[in-house]
Structures are given as C-alpha cells and as structure tokens.
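Structure, as structure tokens:
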Amino acid sequence: MYINVILPLPLDGVFTYSVPPELERQVGVGYRVLVPFGRNKTYVGVICGKWKEERGMRNDLSQNTREPNGLQSNLIPHSSFLFPQKDKIKPILQVLDSSPILLESQLNLWRWISDYYLSPIGEVYKAALPAGLKAEDGYRPKTETYIRLTPKFRSEQALHIALDMLQRAPSQQKAFIDFLDLVLWKEESGEITRDELLNQGHTLVTISALVKRGILETYEQEVGRLNHGGEPHPEHIKPLSLAQQEAFNQIQFAFLQKPVTLLHGVTSSGKTEIYIHLIQQALDKHQQVLYLLPEIALTVQMMDRLQRVFGSRLGIYHSKYSDAERVEIWQKQLSKNPYDVILGARSAVFLPFQRLGLIIVDEEHETSYKQQDPMPRYHARNAAIMLAQITSQGSIPPTSTLHPPRVLLGTATPCAETWHNAQTGKYGLVTLAERYKGIELPEIQIVDIKDLQHQKMMRGPFSPILLLKVREALERGEQAILFQNRRGYAPVIECKQCGWVPRCQHCDVSLTLHRNLNQLTCHYCGYTYQVPTECPACGSRELQTRGYGTEKIEDEVRALFPEARIARMDLDTTRTRQAYERIINDFSAGRTNILIGTQMISKGLDFDKVSIVGILNADTMLNYPDFRAYEHAFMMMSQVSGRAGRKGRRGLVILQTKSPDLAVIRQIVDNDQVAFFRSVMAERREFRYPPFTRLIYVYLKHRSDSLVETAGHELGSRLRQWFGARVLGPDRPAVAKVKSLSIRKLLIKIEPGLNLADVRKYLALAQQQMLQDKRYTSLQIYFDVDPL
Ligand code: ADP
Ligand code: ZN
Ligand code: ZN
Numbered sequence: 011m012y013i014n015v016i017l018p019l020p021l022d023g024v025f026t027y028s029v030p031p032e033l034e035r036q037v038g039v040g041y042r043v044l045v046p047f048g049r050n051k052t053y054v055g056v057i058c059g060k061w062k063e064e065r066g067m068r069n070d071l072s073q074n075t076r077e078p079n080g081l082q083s084n085l086i087p088h089s090s091f092l093f094p095q096k097d098k099i100k101p102i103l104q105v106l107d108s109s110p111i112l113l114e115s116q117l118n119l120w121r122w123i124s125d126y127y128l129s130p131i132g133e134v135y136k137a138a139l140p141a142g143l144k145a146e147d148g149y150r151p152k153t154e155t156y157i158r159l160t161p162k163f164r165s166e167q168a169l170h171i172a173l174d175m176l177q178r179a180p181s182q183q184k185a186f187i188d189f190l191d192l193v194l195w196k197e198e199s200g201e202i203t204r205d206e207l208l209n210q211g212h213t214l215v216t217i218s219a220l221v222k223r224g225i226l227e228t229y230e231q232e233v234g235r236l237n238h239g240g241e242p243h244p245e246h247i248k249p250l251s252l253a254q255q256e257a258f259n260q261i262q263f264a265f266l267q268k269p270v271t272l273l274h275g276v277t278s279s280g281k282t283e284i285y286i287h288l289i290q291q292a293l294d295k296h297q298q299v300l301y302l303l304p305e306i307a308l309t310v311q312m313m314d315r316l317q318r319v320f321g322s323r324l325g326i327y328h329s330k331y332s333d334a335e336r337v338e339i340w341q342k343q344l345s346k347n348p349y350d351v352i353l354g355a356r357s358a359v360f361l362p363f364q365r366l367g368l369i370i371v372d373e374e375h376e377t378s379y380k381q382q383d384p385m386p387r388y389h390a391r392n393a394a395i396m397l398a399q400i401t402s403q404g405s406i407p408p409t410s411t412l413h414p415p416r417v418l419l420g421t422a423t424p425c426a427e428t429w430h431n432a433q434t435g436k437y438g439l440v441t442l443a444e445r446y447k448g449i450e451l452p453e454i455q456i457v458d459i460k461d462l463q464h465q466k467m468m469r470g471p472f473s474p475i476l477l478l479k480v481r482e483a484l485e486r487g488e489q490a491i492l493f494q495n496r497r498g499y500a501p502v503i504e505c506k507q508c509g510w511v512p513r514c515q516h517c518d519v520s521l522t523l524h525r526n527l528n529q530l531t532c533h534y535c536g537y538t539y540q541v542p543t544e545c546p547a548c549g550s551r552e553l554q555t556r557g558y559g560t561e562k563i564e565d566e567v568r569a570l571f572p573e574a575r576i577a578r579m580d581l582d583t584t585r586t587r588q589a590y591e592r593i594i595n596d597f598s599a600g601r602t603n604i605l606i607g608t609q610m611i612s613k614g615l616d617f618d619k620v621s622i623v624g625i626l627n628a629d630t631m632l633n634y635p636d637f638r639a640y641e642h643a644f645m646m647m648s649q650v651s652g653r654a655g656r657k658g659r660r661g662l663v664i665l666q667t668k669s670p671d672l673a674v675i676r677q678i679v680d681n682d683q684v685a686f687f688r689s690v691m692a693e694r695r696e697f698r699y700p701p702f703t704r705l706i707y708v709y710l711k712h713r714s715d716s717l718v719e720t721a722g723h724e725l726g727s728r729l730r731q732w733f734g735a736r737v738l739g740p741d742r743p744a745v746a747k748v749k750s751l752s753i754r755k756l757l758i759k760i761e762p763g764l765n766l767a768d769v770r771k772y773l774a775l776a777q778q779q780m781l782q783d784k785r786y787t788s789l790q791i792y793f794d795v796d797p798l
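In this note's numbering, the protein residues as written are 11 to 798.
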C-alpha cells in the first residue's frame, strides 16, 4: 500500500511513502503519520490519499490522484524528488492517530487554498494545524506555573517593606509592581500565571530573584484550557425590532436562493442581534456555526455577548490562544461533543466541523482577513465561502440532510468586491439602514488643518475644536477616541542642520522612534537601533522628530488632560491576549476616558459612552500609493466614526484633513456609499482593476538588487509570452528592500472569462523555469492573489 502525505515544508506537491503490511489497516485519509525525510529527519505528515499497488500505479507515480469529490489535486508535479522511483519510496515509521484528525472537507479546503493562492500545500498545513498536532510528541503541558505573594508578604505593611527592599534592584521592583498591578486588576480570581508577568516584559531571572528573596512564590496548577461557559440561556436573546425582524426574514429568504448573502447594516443597527437569532436557529436545527471576526480584539468583546446566550456551547479560537488550548479545541471539534458555535479569527476556518450549517463573516470588509505574511496569503472570507461550498459537496454526515451551509457577510461598509457581487445579484443583499432605537449616525465635522497651521492655531496634532470637544466630553463623564494610523512615537527623526534621517540597514525605510523603549525600530524587519545623540553626518546635536505616532499622541494628550485616564491600543500595547482584554475591558467599563489607537480601534468595537471621535490625520490614508487607498480610507473613517454615539446622544466626529474639498471626504461625511462606489467603480472599470479584473502580484526577492532587476525583466518577458499586455512591471515597490532582500513586483490583470486554472498553471511553470536557472538558485518568487 502507498500513501500520499502532506509535509510541513515549503515545497510543492505531496510525498509518497509505502505502508508496511502490519500498518495497512491503521492508515486512512486525514490520519497523521511519522515519516522519514532526507537523510535523517522525520516529520509528522497528514495522509491525503492512499492506494494499493494494483490500482494502476505503474512505474510512474507523478500522476496526481484525483480525489473522489472531483477537486483536482493541486499543483503541477515538477520534481522527480517529490515523486521518487518506486524502489526509492521509503516506508512510514508510525501511525500517530486512531481516527482522522482532518476531515475530507478540510483537506479539500487546504487544496483549494494551495491551488488558488499559489501556495505550497505544506505551507497551508503549517498555517492550519496548531503546532501541537504537527510535533512528533505533541507538546501539551498540562500544568501552568503561577506566582503569588509568600504568606509573610501578604499585608500592606509588608508590601511597603518589599518595595523598600527592592529599591536597589529596579528591574525586580518594576516586575513586582507589575505583579501587584495584575493582582489588583484581576480582583476576583486573583491568580497570576508566570507567563502573564513574563508577557509584561520581565525575565525569568528577575522573577526567580523575587522568589529567592522570599517575596514571591511559584506553584503549579492544572489549567482548564477549554471554556466552561455555563448553561446556555436562549432566553437572553433579545427580541428583534421591527426593522431587524424584517432583515432577519429577508436573510432567510435570501438563504433559500443564494449561498452567500450580504447584510449591509449601518453601525449599531443591531447586526449582532440578528446573528444571534440566526445562530440559535441553526442550533435548533442541530447545525454548527462558524462566526468569524477579523481581529482578536473583537472576539474578546463578542465573546461575552455570545457567552451570555450560548454558554458552554460556544468555543473561541484564535492565534493568541496557547497552542495547547488550540489543540484541545481541535480535538473537541472532532469528538462526539463539539462546540456548536465557534467564534474565531482568520485561522478558525481551518477547524474541523462535522455539521456546519452557517458561517457568519462579520466586518467582512476588513483587510486583516487576508493573511499577508507568511504564506499562504489567503483571504479568510473567501476561504469561508469556499469551505461552505466544499462542505456541501457531500462530506456532511448523512444524519444532516439539511441544506448546505449558508454564508452571511455582515458590514456597514462593504468592500468593493462584495458591493459589486451584491449589486449584480451574485450574493443576496439585505439592507438595514437605521440604527437600533433610531439613534442618529454621528455628525462628522471637517476641520481644515492646513488652514489652521497657517494661522498657527494647531496645538501639535490637535485642532482647537477637537480639544474643546474632548474636554466637554470628559466633563460630561463621556469617553473619547483618538485615531491615528501610525504607531510608535514619531515616524521620522531628522537632523535639523543637514536633514539626515536614520534608516534601517536592512530595509529601504526610515526608522520609527519608540520613545518608551528609547529606541529606533524598523517596522518592516523589527530590527532596533539606539537613538543617536548626534548626527553622524554633520555632528550636530539638534535632532528633531517629525510626524506623530500613537505614542507621541499619548504623551501630548496626557499633558493636555492630566486628570484623564488614557489608554493606547496599537500593535505595541497588545502583544498578548491579556493586554488586549485589559485595554478593551477597561475602556468598556469606563475605567479609561480616552482611547488612542491605530486602525485596530476602527474594527467594530462597541462602546457605549463614546461621544467624540477624533480622526487626527485623514491625509496619510488618502495619499497612500495604492489603487485601494480611497476604498480603505472610506471604510476606516466610516468605521471609526461609527464608534461615536451609541447610546442616548448623537455622537460627534472631528475629521482633520488638509484636503477638505476632496469628494471622498464629502462622501464620508454624508455616509454616501452609493456615490462613493459609483465613482470607485467607474474608475476601476476604466483602468481595469478589481472587481472588473482579478489581480495577481508576483514578487521577486534577492540579496542582489541588480540580480533581482534582471530576473524581474526576464520573468516579465516570460509572462508576457503567455499573458501579453496583462502583465505590468517589473516595478520597485514603495519599500523596495526588506530584510536585506531587494524586491521587484509584477502585476497581472486577469479579465473575466480567462481560465484561472490555466493562469495558475502558467504562473507556476514560469516560477519553476526561472528557479531552474542556475543564476537564480537563491531567488525567491512568490504570488499574492487578490492583493489588498
Ligand atoms: P451592529 O452589530 O450593527 O454594530 P449591535 O448589534 O452591536 O449593532 O447593536 C448596537 C447596540 O444596540 C448594542 O448595544 C445592542 O445590544 C443594542 N441592540 C441592538 N438591537 C437590539 C434589540 N433588538 N434589543 C435590545 N438591544 C439591541
Ligand atoms: Zn546633520
Ligand atoms: Zn528593517
């Protein structure tokens, strides 16, 4: 017997192994096996096909087997290495499972992703399975280390003594203070894991020192990884308003006709309440539901809301969960007693579902649904739509004779593709135009900051009116959100004398100043540098910062509103799940007054007492050099505006811009999506951009700029042989060097009617031909399909 195995390697295709007779009865599609690879490596592979020798294997194994459901196995075989001669086929070492850990539908989703996004299936495997399932011994710690005060330090007086003791050991003192902070914040449970403290930037050495001093002690405890959310309470489901009920009915109707439906509902219209009704309906039919959100921060908020109703029937799954937790959820989903509802971010599309009935893709417009790096560069919304289609192709167990899973996309600001699909009837469309309880959409006031700068009336990045409104809100006990789409302190520092700007040694970008850490950071490679005290070019000591990142905004806001409690939410402050939860919970509970953040805060977060939102600089978004700049700016600004005024009072948004006369600004102010998309579509149609064509970016990377230049032109002419004028480039992208690799980019526009499978075949062929050339051995070529 032979099997094809997917290995967690960035190589195209699958690998063939033989199965010793005594193991034959133990293997099947979806089982994991331990296999030898190369000279002395072993890997955990997943079986994706098996056959007996009689079944026409001949001496040529390079024929990919067709899978029963008719989906073509992916990718053109191109290396005899992958499909060795029969006598070179090695036997598997071990079968790791007694039942499949991967369902047929999941495997087919992997194949589709690999195929469509031109990504080796090994990369899909790596992204899809939690690490614990990819490792030989399945690393699964059962206990966690906790820390607490030793008994003799459990009084207030003793705490002061402890703090005194640590006077001369600042890092220990800081760790200790952070520990106390965590204790305070946790109130009830009061239990702190050592990891939580480590996550605050402390080291094991520091913590051990505190233990040695007898201040803290550690203890081990078994961790309940899974959510025990208590009894479900369907009675907590809120009755729908008339308009919501109408939308709900229309969705039912659309589900009968179309596999995918868009719920286009303004912010705060109660889309979530409608989802909850739909979920309950699916559960009543014994179906499972997958509820996708683009951002972990949102799952944190949504978790509470769903748990109130669905209790322990709800499971949460995203990348900030520990690997062990993810393994447990995975296994639970394969068991007889799986979660009925999974709330998760992108990677939740990879979970096993035995009787999936409904997929909700909330905030469908969010670009973070698309994985950028590493491969596979897939879009989770589109993968979810595909998952529904694949699931309906016959792999649901015969017990569920219900219709194939339906997909509901929800958003206040659809992306251009979804808008187009809904307008042309490919998707069902249900519109919910009023906010719940008729609360008005916020008023958006444009502030011309160019004018104010001329008049010297700006206070740093703030217009006087914005400061006034924030102050008034604080006085009324309301909250404010300030949105600046740049993290760090200042995007640029510069020599006042000669204009020198520090740049990354490995990337073609200037460095961002992070003042809290007192370092310069490259946002592309993560490399950090010391902040220079003098200019290396001219020796001047006058180095000044230019521009505003969230850190600097935070500093200025603290100076302007010393009495306010301020939090910042960006990539730097949300490295851990705890940090996320803390910022969000503090803000929703009113423990913070002003929240400063990057686009992270634009994503559908739902806070009740926010009466003012400040968009500090609309222009960086509008001027971004990309054909989607306006689309993204429109979404982002409309979404962040939607955070204002959710209960009682009409919210206010101050939109600061240097170009107040742009049509798109007017359209944002009026929330006029029809006018906005009319102009977007006209432009896209004229210049042949999505949704009227499909785009594929082809990237080349190499250490040598001249080599990547030559290779880019050569690949360009190869592709032009087949695709003609559909190929543009090669060009230098805006950031043309990252991590010491020079980059070139080609763009391919594929009009409707062209066979996509053929296109992909030619692309793979071109890639393969290029990489066979000796000059290009260390050249990287990769694709971004449907780039955002
Ligand atoms: P959206 O998801 O469209 O932004 P939400 O579902 O978050 O809107 O609703 C906004 C607010 O209005 C929430 O606080 C929600 O609880 C409340 N709400 C919406 N619909 C109802 C309803 N039918 N009954 C009670 N409260 C509702
Ligand atoms: Zn200088
Ligand atoms: Zn760099």
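For every residue, glycine included, the Cβ atom is placed at its ideal position computed from N, Cα and C.
For alanine 141, the closest of Glu338, Val502 and Pro269 by C-alpha to C-alpha distance is Glu338. Non-local beta-carbon contacts of leucine 366 in its own chain, meaning distances under 6 Å to residues more than five positions away in sequence, involve Gln298, Thr401 and Pro415 in chain order. Per DSSP, proline 512 lies in no alpha helix (DSSP H) segment and is marked neither H nor E. Of the heavy atoms belonging to ligand 2, at least one sits nearer than 8 Å to the Cβ of glycine 549.
If you draw a straight line from the Cα of threonine 720 to the Cα of valine 708, it is about 15 Å long.
Glutamine 609 and glycine 224 have their C-alpha atoms roughly 44 Å apart.
Collapsing the DSSP output to three states places phenylalanine 493 in a strand. Three or more Cβ pairs closer than 8 Å define a contact, and the segment 241 to 253 falls short of that threshold against the segment 574 to 581. Lysine 755 is classed as buried because its beta carbon has at least 16 other beta carbons within 10 Å across all chains shown.
Judged by DSSP in its simplified three-state form, aspartate 458 adopts strand. The segment 508 to 596 is shown to contain whole alpha helix (DSSP H) runs of 4 or more residues at 560 to 570, in chain order. A straight-line Cα-Cα distance of about 22 Å links leucine 397 and glycine 38. For glutamate 154, the closest C-alpha among the options Gly132, Thr667 and Glu206 is that of Glu206. Counting the other Cβ atoms within 10 Å of the Cβ of alanine 334 gives 16 or more, which makes it buried. If you look at proline 474, you'll find it in the alpha helix (DSSP H) that goes 474 to 485. Tyrosine 285: member of the alpha helix (DSSP H) spanning 281 to 294, first to last residue. CA-CA distance, aspartate 174 to arginine 158, rounds to 19 Å. DSSP places lysine 51 within a strand segment (E or B) once states are collapsed to three. Lysine 51 has its alpha-carbon roughly 45 Å from the corresponding atom of valine 270.
With fewer than 16 other beta carbons inside 10 angstroms of its own, asparagine 765 counts as exposed. Phenylalanine 617 is a Cβ neighbour of serine 598, given a cutoff of 9 Å.
Setting aside the 5 residues that flank it on each side, leucine 17 is surrounded in the same chain by Phe25, Phe47, Tyr53, Gly55 and Gly132, each with a C-beta closer than 7 Å to its C-beta; the list follows chain order. 9 Å or more divides the Cβ of lysine 506 from the Cβ of glutamine 455. From the listed residues His516, Val502 and Cys508, the smallest Cα separation to glutamine 529 is found for Val502.
Looking at the DSSP output, threonine 155 bridges to Glu230.
In the structure shown, histidine 389 adopts extended strand secondary structure according to DSSP, grouped into three states.
Three or more beta-carbon pairs separated by less than 8 Å link the segment 373 to 393 to the segment 418 to 433, which places the two stretches in contact. Per DSSP, the unbroken beta strand (DSSP E) holding leucine 302 starts and ends at 298 to 302. When C-alpha distances from glutamine 231 are compared across Ala219, Leu214 and Glu201, the shortest belongs to Glu201.
Here the C-alpha atom of phenylalanine 733 lies approximately 43 Å from the C-alpha atom of threonine 309. In the structure shown, proline 101 falls within a strand segment according to DSSP collapsed to helix, strand and coil. DSSP, reduced to helix, strand and coil, places isoleucine 261 within a helical segment of the structure shown. For histidine 328, the number of other beta carbons within 10 angstroms of its own is at least 16, and it is reported as buried. In the DSSP annotation of this structure, the continuous segment of the alpha helix (DSSP H) that includes glycine 142 starts and ends at 141 to 144. Beta-bridge partners assigned by DSSP to tryptophan 61: Tyr12. For ligand 2, a non-hydrogen atom lies closer than 8 Å to the CB of glutamine 507.
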